[in-house]
Amino acid sequence: MDDGRRDLAAEFRVLAELLIDRVEPVLRRLDSDDAPPWQGCSWCPFCALAAALRGERHDLLTLVSGEMDGLIDVLRDFLQSHGTARHDSAPGDAPGASAPPVVRPATYQPITVTRTREPHRSRPTPHQPDPDQ
């Protein structure tokens, strides 16, 4: 089970890196300084899509590409700080691997619920009828 999770995490890392590699050039092209400016409105998403298709610079696309650039930086930092996409090293070589993994019980464990005070009698509860009726 632990190997399956590691494999899934590795596949997610590879997928995230691939997504970054594909999206980043598109964002650079949308925020290009040499693209001609859009002559229509600057807030409409439809005009932004039309500007992207025509290769023109739109204010909304510039804003979105700037925000996505920041998100890509955060995602890259996260991927670097949480290991590489490939498991070339032994499991004990990773930083923080000296601590044992947290094992959570997978079985049902009943709990006891106690009341610390009685419910207010002037308000009806779902289990008792209204005393004024």
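Mapping of the sequence shown onto my numbering: position 31 corresponds to residue 21, and the numbering continues sequentially without gaps. Note that the Cβ used here is the ideal one computed from N, Cα and C, for glycine as well. Model, not experiment: these values are computed from the prediction.
Inset, instruction - Determine contact between the region 0 to 11 and the region 41 to 57, defined as no fewer than three beta-carbon pairs at a distance below 8 Å. - result: no
Legend entry - Three-way DSSP call (helix, strand, coil) for Arg47 in this model: Taking the sequence shown and counting its residues from 1, the one referred to as residue 47 is at position 57. Strand, per DSSP.
Legend entry - Range covered by the alpha helix (DSSP H) that runs through Arg18: Taking the sequence shown and counting its residues from 1, the one referred to as residue 18 is at position 28. Here the alpha helix (DSSP H) through Arg18 covers Asp(-8) to Leu20.
Legend entry - Exposure label - His48; buried when at least 16 CB within 10 Å: By one-based count along the sequence shown, residue 48 stands at place 58. That one is buried.
Legend entry - Cα-Cα separation between Trp28 and Leu20, rounded to whole angstroms: Along the sequence shown, one-based indexing puts residue 28 at 38. Along the sequence shown, one-based indexing puts residue 20 at 30. Rounded to whole angstroms, Trp28 to Leu20 spans 12 Å at the Cα level.
Inset, instruction - Could you check how far apart the C-beta atoms of Leu17 and Ala38 are, in whole angstroms? I think they sit under 8 Å. - result: Counting from one through the sequence shown, the residue named residue 17 turns up at place 27. Counting from one through the sequence shown, the residue named residue 38 turns up at place 48. Contact flag wrong, Cβ pair sits at about 13 Å.
Legend entry - Ser55 classed as buried or exposed, judged by whether at least 16 other C-beta atoms fall within 10 angstroms: Your numbering for residue 55 matches position 65 in the sequence shown. Result: buried.
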